[in-house]
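**Q** Residue numbers (the working numbering), protein chains in the order written: chain A, 1 to 391; chain B, 1 to 224.
We put the CB at the ideal spot given by N, CA and C, even for glycine.
Source: prediction; values computed, not measured.
Put into structure tokens, the structure is as follows:
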């Protein structure tokens, strides 16, 4: 049998046949690894998770025309959106604002894409249904109260061209109220219809069909799951490549989001560091106890002719093997822990960070190695004669 | 030239002289019992001969080489290469089997050889218990594993400290029979004991009292 084989036989026998003792040490290391990998996973995933949660509070970026005389169009918006990572983009909602008359009262209409509005404004409460068919509208609560509109009511919506001096209505279409919008905010002052219905109302449908270009868009709201830095990088790219579009951050949303995320991340980082330190102390104490109770064995090995380095190598071998096994257990249990926390707190799954596998294992090995080294080094100073005499 | 020579050995702890001017030689193949009551200096002498301690004064020559001034590291090497130790408490590694315990001594000395370790266990009548853990062996069996471990590297001196101190009479006899066999094969045996029965079977008895040799004589009944 080679010396190397005997070395591994000795360290594996120590781990396998001293199970109860080693399980305590392994438990300490595995718990440390679990908390470390779990907290790092959460720390890493907090911006994504919290960002997604924050997106429930509305858009965090808007597009407005880049220059005074330019107009936004769906084509320009699509071009600008192409510079945003599709994985981060939650929704894009174009808006065109016009004044119409309902029951002879002037009312602001926001023509939009309802699919996008659902994504960027998940906080909208709808009594009834979202418009899904042609000539269906969504009416803000205030407008509905003022004009006496209810879900299911059909009303004539008349478009008045603002540039027409005669101020005579030029088109009128009967539209059905599919839902009433409640937000508690300024959104309740508008009537919402699809961009296609607006084009019909303004008589631009034929032009759009002929030219293949969309009508005028006044602004677009975007909901993007990303931190302030990433959003700024998107803005820079869009400003450079699509000057007709001016992207702007919705400051009140992004600033508070960034502040909350930074604080939360700092908190998780602090907890991770404190737990890591406590874990190191716990592992060090356990390994110290494990080594100390084997002083007699160390004395025996010295009496049999083992050099100090040889004894250190054997005990470190055991410690590193324990660190490896504890680290692997820590990765598995840590991910399960992070997944549980993510599901319970954020109600969503967490992605498995591959880099965490080597990081957790290496940290576990290093911590265990350090925890073993000093007590083992100190134990090699024992006088074999005294130890073997039981003194 | 004797295998082991002690010239004017003293070991002093403060005001206490554990050994006081000890002089004797041990020849190759001799079986010597070092006897004396508790506190007579037997263990101190065992530690000095076993290279686990150094004398305060005097010279210890092993194979003609002065080992009394060696460093700890050099003493470890001498212990590993030239001395086989047998302990009263057996001191087996409790998570290694009998054969693995024997191989540990080989591991530090040269290359572990399972076959050779099994032969050493066979020599002490324990081959069939080779793959048992110490906790599965009786005291006598553990002591025999300890003897096999002491012999595995063919040491120049086998040094036994109260080897029968923890054994019943039957196992004591087995161990003494093994010593007889080793002596016949030419092994140099130094047995530290306070048990007169163990001293009676040795070839030569050195008696210590208060750190001094009070008697050093051949055993007239030896071999009878």
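Is residue 247 of chain A buried or exposed, if buried means 16 or more other CB atoms sit within 10 Å of its CB?
**A** It is buried - the Cβ of residue 247 of chain A has at least 16 other Cβ atoms within 10 Å.
**Q** Output yes if chain B places a C-beta closer than 9 angstroms to the C-beta of residue 44 of chain A; else output no.
**A** No, its Cβ sits nowhere closer than 9 angstroms to a Cβ of chain B.
**Q** Three Cβ pairs or more, each shorter than 8 angstroms: is that satisfied between the segment 286-302 of chain A and the segment 55-71 of chain B?
**A** Not touching, per the Cβ criterion.
**Q** Quick check: is the beta carbon of residue 20 of chain B nearer than 9 angstroms to any beta carbon in chain A?
**A** By this cut-off, residue 20 of chain B is not an interface position.
**Q** Flag this pair as touching only if the segment 13-25 of chain B and the segment 174-193 of chain B have three or more C-beta atom pairs under 8 angstroms; answer yes or no.
**A** These segments do not touch.
**Q** Residue 47 of chain B touches chain A at which residues, Cβ-Cβ below 7 angstroms?
**A** 385, listed in chain order.
**Q** Just to confirm the assignment, what range does the beta strand (DSSP E) spanning residue 233 of chain B have?
**A** For residue 233 of chain B there is no data in the structure shown, the boundaries of chain B being 1 and 224.
**Q** Does the CB of residue 193 of chain B have a neighbour CB from chain A at under 9 angstroms?
**A** Not closer than 9 angstroms to any Cβ of chain A, the Cβ of residue 193 of chain B fails to qualify, so no.
**Q** Within the continuous alpha helix (DSSP H) that includes residue 336 of chain A, where are the two ends?
**A** Unbroken alpha helix (DSSP H) run through residue 336 of chain A: 308-341.
**Q** With a threshold of 9 angstroms between beta carbons, is residue 104 of chain B in contact with chain A?
**A** Output row for residue 104 of chain B: interface = yes.
**Q** Looking only at DSSP bridge pairs, what is residue 66 of chain B linked to?
**A** B:61, per the DSSP bridge assignment.
**Q** Do residue 139 of chain A and residue 173 of chain A have their C-beta atoms within less than 9 angstroms of each other?
**A** No.
**Q** Do we get a CB-CB distance below 9 angstroms when we pair residue 124 of chain B with the residues of chain A?
**A** Answer no: the Cβ-Cβ gap between residue 124 of chain B and chain A never drops below 9 angstroms.
**Q** Taking the alpha carbon of residue 12 of chain A as the reference point, which residue from B:113, B:97, B:201 and B:69 has its own alpha carbon closest?
**A** When only C-alpha atoms are compared, the closest one is B:97.
**Q** Which of helix, strand or coil does DSSP assign to residue 111 of chain A?
**A** Residue 111 of chain A falls in the strand class under three-state DSSP.
**Q** Report the rounded CA-to-CA distance for residue 237 of chain A versus residue 83 of chain A, giving the unit in angstroms.
**A** Whole-angstrom Cα-Cα distance: 7 angstroms.
**Q** For residue 349 of chain A, I'd like the list of residues in its chain whose CB is within less than 8 angstroms of its CB, leaving aside the five on either flank, ordered along the chain.
**A** So the qualifying residues of the chain are 339, 342 and 343.
**Q** I want to verify the contact list: residues of chain A whose CB lies under 7 angstroms from the CB of residue 37 of chain B, in sequence order.
**A** Those do not exist, as residue 37 of chain B stays about 17 angstroms from chain A at its closest Cβ, beyond 7 angstroms.
**Q** Tell me whether residue 58 of chain A is buried or exposed, calling it buried when 16 or more other Cβ atoms sit within 10 Å of its Cβ.
**A** When all chains shown are included, residue 58 of chain A counts as buried.
**Q** Could you list the residues in the segment 14-39 of chain A with a C-beta less than 7 angstroms from some C-beta on chain B, going in chain order?
**A** Cβ contacts with chain B: 14, 17 and 18.
**Q** Sorted by chain position, which residues of the same chain lie with C-beta nearer than 7 angstroms to residue 315 of chain A's C-beta, five sequence neighbours on each side aside?
**A** Correct list, in chain order: 291, 372 and 376.
**Q** Have a look at A:280, A:102 and A:222 and flag the residue whose alpha-carbon is nearest the alpha-carbon of residue 78 of chain A.
**A** Closest by alpha carbon: A:222.
**Q** Taking the DSSP output, what are the residues bridged to residue 172 of chain A?
**A** Paired residue(s): A:158.
**Q** Got a sec? Which residues, its chain only, sit under 7 angstroms from residue 71 of chain A by beta carbon, not counting five neighbours each side?
**A** The residues are 65 and 216.
**Q** Between the segment 277-309 of chain A and chain B, which residues of the former have a C-beta closer than 9 angstroms to a C-beta of the latter?
**A** From the segment 277-309 of chain A, only 296, 297, 299, 300, 301, 302, 303, 304, 305, 306, 307 and 308 have a Cβ closer than 9 angstroms to chain B.
**Q** Compare the Cα-Cα distances from residue 35 of chain B to each of B:43, B:4 and B:150 and report the closest residue.
**A** The shortest C-alpha separation from residue 35 of chain B is found at B:43.
**Q** For residue 141 of chain A, I'd like the list of residues in its chain whose CB is within less than 7 angstroms of its CB, leaving aside the five on either flank, ordered along the chain.
**A** These residues qualify, in order along the chain: 180, 181, 182 and 188.
**Q** Go through its chain and collect everything with a Cβ distance to residue 384 of chain A's Cβ below 6 angstroms, but skip five positions before and after it.
**A** Counting only Cβ-Cβ distances below 6 angstroms, and skipping sequence neighbours, we find 299, 302 and 303.
**Q** Where does residue 146 of chain A sit, in a helix, a strand or coil, going by DSSP?
**A** Residue 146 of chain A: helix per DSSP, three-state reduction.
**Q** Between which two residues does the beta strand (DSSP E) containing residue 165 of chain B stretch?
**A** First-last for residue 165 of chain B: undefined, no H or E at that position.
**Q** Judging by CA-CA distance, which residue of A:233, A:295 and A:60 is the nearest neighbour of residue 251 of chain A?
**A** With distances taken between Cα atoms, residue 251 of chain A lies closest to A:60.
**Q** In the DSSP assignment, find the beta strand (DSSP E) that holds residue 291 of chain B and state where it starts and stops.
**A** Because chain B in this structure spans residues 1 to 224, residue 291 of chain B falls outside the shown range and cannot be described.
**Q** Determine, for residue 43 of chain B, whether the minimum Cβ-Cβ distance to residues of chain A falls below 9 angstroms.
**A** Judged by the 9 angstroms Cβ criterion, residue 43 of chain B is in contact with chain A.
**Q** Tell me which residues share the same chain as residue 277 of chain A and place their Cβ nearer than 8 angstroms to its Cβ, disregarding the 5 neighbours each side in the sequence.
**A** Taken in chain order, the list of residues that qualify is empty.
**Q** If we call anything under 9 angstroms between Cβ atoms a contact, is residue 147 of chain B one with residue 192 of chain B?
**A** The answer is no: Cβ separation not under 9 angstroms.
**Q** Could you check what DSSP says for residue 103 of chain A in three-state terms: helix, strand or coil?
**A** Here residue 103 of chain A sits in coil by DSSP.
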